[in-house]
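So the structure is just underneath, and the comments pick up after that.
Protein chains in written order, with the numbering used here: chain A, 1 to 200; chain B, 1001 to 1638; chain C, 2001 to 2311.
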């Protein structure tokens, strides 16, 4: 079939930012998948709770300090995270570099605190269903932090490499920041489940 | 890798003649020859063809298992197959047909057709697409390997605990099943993401939401269902493995766990799963039908709304697989009502197709025959669906051959018939050659008649009290006659499929050349040559109508201004499809293959040791970093 | 004998009427759709297809109407199911309570004490008085099973860690076969049970006889069989009330000779089938939990003679 040119797209930008970027949508889809997973895990938590005569089963409620400090830390990390994102939006390479280093630390610190969370549960995964779901919730979220941390570290390395000054990279930084916000938001209901629901 | 003999950068197709554009695009988008070129390709058409072919191989294998079961059930107390092997066979049949055939083949059709139908050059994440196929291939092969070694799962495709738990299924069979589920989940989720983003962001300029072909809508709804439903089975299969491997207590009632939790999780995925298979099939019907009646589809908006409604409702039905587990009366009434309610959007679609046929002039080619067979068969499956949706009715037929009949009517009648029609319809596009009209009629006739003779009597057997999943039955029960009849009829059905496959193989080599648009269809995939070149469209089409290829048009309106020396495609806005950016599309890469191998290694190892998740993750991370690390190609420029 | 159409119990009859109604309505709808389909296929052969607002208007009206009718029918069927479920309830008064425990691959049946007789245990055969409401308490000790006697009532799952209740009321005397309906492993196919519905007197006599201990043999061969049974591993798994055999992992054999079938409906009870089963259970029912117990042919004779007398 013959074709007739009716539209010239040569003036369009070579990479869309924000929701004109494919990776932004990919990140959103990924968050939707994980969000469904977390919602489901929490649903299972309440399902098992509704089956049990007492909750927690044969264990005291978890100690609060490690989880609570971790929560404070995560919530606080949102501020530098948003800053990095806006610097990336302005293509400010120097600030983005600093920001990514800070965010790498903001990823490592919660993992250090997480080590103290598992013993604070006062139950093992194989003792009963309460222990199992609590460990799985905590484990899932640990994986979550870990994957974003690795992503942040790789991005930080990239931003110090020759590939750095590129709108595509700044887009990646923004998407990574978006994902970290999700890591933080997803933690809040899990924190409530693990630490406060057993105290109800 | 392309890029050798590169032309000067920033060459736009605006400045070049068509032949020149074609030459450059072929080099930029092509797949390198040789083994590694084949492994590294990210061309959605190549991957989709592999996907479809692999899925059909699994269909053949699953069909052979079905024949083996029919052989065993032909006579009472037959000792051809022992119970252990029989349990493996029906578990494999179900698992294979659902996870290795039906879901992947629908996803594969999506990754072949969606980019062509929305007028773009590749899917949104081409490397993820390649990764998805390798994961699917490895997972499926592993499952069949276990069957060959007489170590296949034997607890049913639903793997109910506690039968599948550590106490009653020792050994690794069930772990293998659960992990194979993870493989297929990962590949299905990858496809879902690609489809959603491709449709949202890569539609041809002007293809606003109300101009998207119905099939593409169906694929979008299917993808969202995958995204929402698959995490459920992933959580279920992972916790099952944990229960079996490290002693968690999710499903152990003695330690606060619950056997029914598994069923809730499984069916929260399992019911949408049916629609994950079915919606693409009805989308195919809606997209093929206009071609054979000479007029656009009747009730486009109603059809799209029905698809979306079905997609949403499908998440409120899972309990109707659990009507006899002893749930509260209130819940039963709610789920009866919701299960019945899904008949309404299904009805809307049927009526729209009937109206399309009524207003049009039918041309009886093979795809239309399959559509007619589909309507006749699927409506029957829908009717028995209404029956099992009623809790009291279901208490008499649940887990009997009545249900076996019902879901084969829905899945074979409702999904495989349209799929076969779709293969006849799009085969010319995929290969450049037509399939045989004569063999096609034979295939349709044999499959249609063989199917009904095989599955209709199962309704009666079910009502006569024959339960599912039994490897034999006693001679004094009144089931032998019908069972023998079914077994013989299944040979007719098998013969029909044989004719179909012969036709496919023959037409592949010797079919008549098809030309770009042999059916006179009106959707964009027919604007490309058959088979389409690696870059799909020489120039991206501009869409001005819901049916962009109207017969009266002599010219295709297109957009120009894309680079030809790097993979570039158009990103458009979600609602109006207004051009937003000229985005680059990733080059071929070997890393998705390595990432898939590393992931498979980790998943299989984790059946044996929980530490696999830690150590096995390292090669996965390495492969992923190599995958994403910029290689300094023109695609990385912006 | 095992069919939803051969309704001999209150529930099965209610269900049968509901099923006939729904199947009738659905068949009618299917015929209408297929009729419409073929009418549409032949109607415009050779004519140009219709397009445009004008042509579609009338068709659209018909489609609207069809959707409305579909909705009404679906609502009607939902209501019909709801009322049928309500009719299944036979009243609150239970004449008899029986606890049935499903296990791989047989049924343990325990009768609670009632006006008909004291508490006792049996297996794979359920006797009920005709016209009485019998409360079944369904449990499982291993995997999920499902209790289903189609001629009497719809099925109900037996789930470990939970108890489900099903009410049976047989309207006519007879023997009704049932079979496990949830896949439960290797011998899911051979997990049947017989329900014997009898009038009150017959049932009472049966129940009182079942509650008695096993008969003491006077025949020498039977006595020898009993000795073999006690000496060999048999007694470790089976109970014969009134003897030292107190095992509980296999069926209670106190009155096994009086039951219609052995091995959960696998074989008719005869001396020959008892011998065959004892000699080689793994061939008759591959995977069953009953092991092969090495016996000489003489011991086998004696044991089967003993089993046969346990009426």
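Note that the Cβ used here is the ideal one computed from N, Cα and C, for glycine as well.
{"Asked": "CB contact below 7 Å: residue 1003 of chain B versus chain A", "Found": "For residue 1003 of chain B, the predicted model reports a pLDDT of 40, less than 50, meaning its position is unreliable; a value from the coordinates is still stated below. Judged by the 7 Å Cβ criterion, residue 1003 of chain B is not in contact with chain A."}
{"Asked": "Beta-ladder partner(s) of residue 2194 of chain C, from DSSP", "Found": "C/2125, C/2177"}
{"Asked": "Environment of residue 1005 of chain B [buried if 16+ CB atoms lie within 10 Å]", "Found": "Confidence is the limiting factor: at residue 1005 of chain B the pLDDT is only 46, short of 50, which leaves the residue's position unreliable and the question unanswerable from this model."}
{"Asked": "Backbone CA spacing between residue 12 of chain A and residue 1626 of chain B [nearest angstrom]", "Found": "30 Å"}
{"Asked": "Residue environment, residue 1510 of chain B, which counts as buried when at least 16 other CB atoms sit within 10 Å", "Found": "exposed"}
{"Asked": "C-alpha gap between residue 1231 of chain B and residue 1224 of chain B, whole angstroms", "Found": "12 Å"}
{"Asked": "Start and end residues, beta strand (DSSP E) containing residue 197 of chain A", "Found": "Careful: residue 197 of chain A lies outside any beta strand (DSSP E) and carries neither H nor E."}
{"Asked": "Cut-off 8 Å between Cβ atoms - residues of its own chain near residue 1012 of chain B, not counting five sequence neighbours on either side", "Found": "1560, 1561, 1562, 1563, 1564"}
{"Asked": "Run of the alpha helix (DSSP H) containing residue 1621 of chain B, from where it starts to where it stops", "Found": "1617-1628"}
{"Asked": "Partners in chain C for residue 1162 of chain B, counting only beta-carbon separations shorter than 8 Å", "Found": "2142, 2143, 2144, 2160"}
{"Asked": "Chain C residues whose Cβ lies nearer than 7 Å to that of residue 1157 of chain B", "Found": "Per Cβ cutoff of 7 Å: no residues; residue 1157 of chain B is ~10 Å from chain C at best."}
{"Asked": "Continuous alpha helix (DSSP H) assignments of at least 4 residues falling wholly in the region 2219-2284 of chain C", "Found": "2220-2231, 2234-2237, 2271-2279, 2281-2284"}
{"Asked": "Residue of B/1421, B/1516, B/1538, B/1187 minimising C-alpha distance to residue 1531 of chain B", "Found": "B/1516"}
{"Asked": "Whole-Å CB distance - residue 2128 of chain C paired with residue 2197 of chain C, under 8 Å assumed", "Found": "5 Å"}
{"Asked": "Residue span of the beta strand (DSSP E) that contains residue 2166 of chain C, given as start and end", "Found": "2164-2168"}
{"Asked": "Alpha carbon of residue 1003 of chain B to alpha carbon of residue 1029 of chain B, nearest angstrom", "Found": "Unreliable positioning characterises residue 1003 of chain B in this predicted model, as indicated by a pLDDT of 40, which lies under 50. A coordinate reading is not provided."}
{"Asked": "Cut-off 7 Å between Cβ atoms - residues of its own chain near residue 2009 of chain C, not counting five sequence neighbours on either side", "Found": "2151, 2152, 2153, 2168, 2169, 2170, 2171"}
{"Asked": "Where the region 2071-2093 of chain C meets chain D: residues whose CB sits under 7 Å from a CB there", "Found": "The chain inventory of the structure shown lacks chain D, comprising the protein chains A, B and C."}
{"Asked": "Contacts of residue 1546 of chain B in chain A (Cβ-Cβ under 9 Å)", "Found": "Neighbours of residue 1546 of chain B on chain A: none; closest Cβ ~18 Å, over 9 Å."}
{"Asked": "When B/1131, B/1077, B/1111 are compared against residue 1596 of chain B, the one with the closest alpha-carbon", "Found": "B/1131"}
{"Asked": "Chain B contact residues for residue 1953 of chain C, given Cβ-Cβ distances below 7 Å", "Found": "Because chain C in this structure spans residues 2001 to 2311, residue 1953 of chain C falls outside the shown range and cannot be described."}
{"Asked": "Cutoff 7 Å; reference residue 1144 of chain B; Cβ partners in own chain excluding five residues on either side", "Found": "1061"}
{"Asked": "Residue interval of the beta strand (DSSP E) (run including residue 2 of chain A)", "Found": "2-8"}
{"Asked": "Under the three-state DSSP convention, the category residue 1580 of chain B falls into", "Found": "strand"}
{"Asked": "Identified DSSP bridge partners for residue 1281 of chain B", "Found": "In the DSSP output, where bridge partners are listed per residue, residue 1281 of chain B has none listed."}
{"Asked": "Length of the line joining the Cα atoms of residue 1124 of chain B and residue 1202 of chain B", "Found": "7 Å"}
{"Asked": "Cutoff 6 Å; reference residue 2225 of chain C; Cβ partners in own chain excluding five residues on either side", "Found": "2302, 2303, 2305, 2306"}
{"Asked": "Given 8 Å, three or more beta-carbon pairs between the region 2271-2280 of chain C and the region 2183-2191 of chain C", "Found": "no"}
{"Asked": "Spatial distance of residue 2164 of chain C from residue 1328 of chain B (CA atoms)", "Found": "11 Å"}
{"Asked": "Element boundaries [beta strand (DSSP E), containing residue 1555 of chain B]", "Found": "1555-1560"}
{"Asked": "Close-in-space but distant-in-sequence residues of the same chain around residue 199 of chain A (CB under 6 Å, 5 per side omitted)", "Found": "61"}
{"Asked": "is_contact[residue 1392 of chain B, chain C] using C-beta, thresh 7 Å", "Found": "yes"}
{"Asked": "Meets three-Cβ-pair contact criterion under 8 Å: the region 1470-1480 of chain B and the region 1413-1422 of chain B", "Found": "no"}
{"Asked": "Nearest-angstrom Cα separation, counted from residue 1026 of chain B out to residue 1017 of chain B", "Found": "14 Å"}
{"Asked": "Length of the line joining the Cα atoms of residue 1174 of chain B and residue 1258 of chain B", "Found": "18 Å"}
{"Asked": "CA nearest to the CA of residue 2036 of chain C, picked from B/1404, B/1288, B/1356", "Found": "B/1356"}
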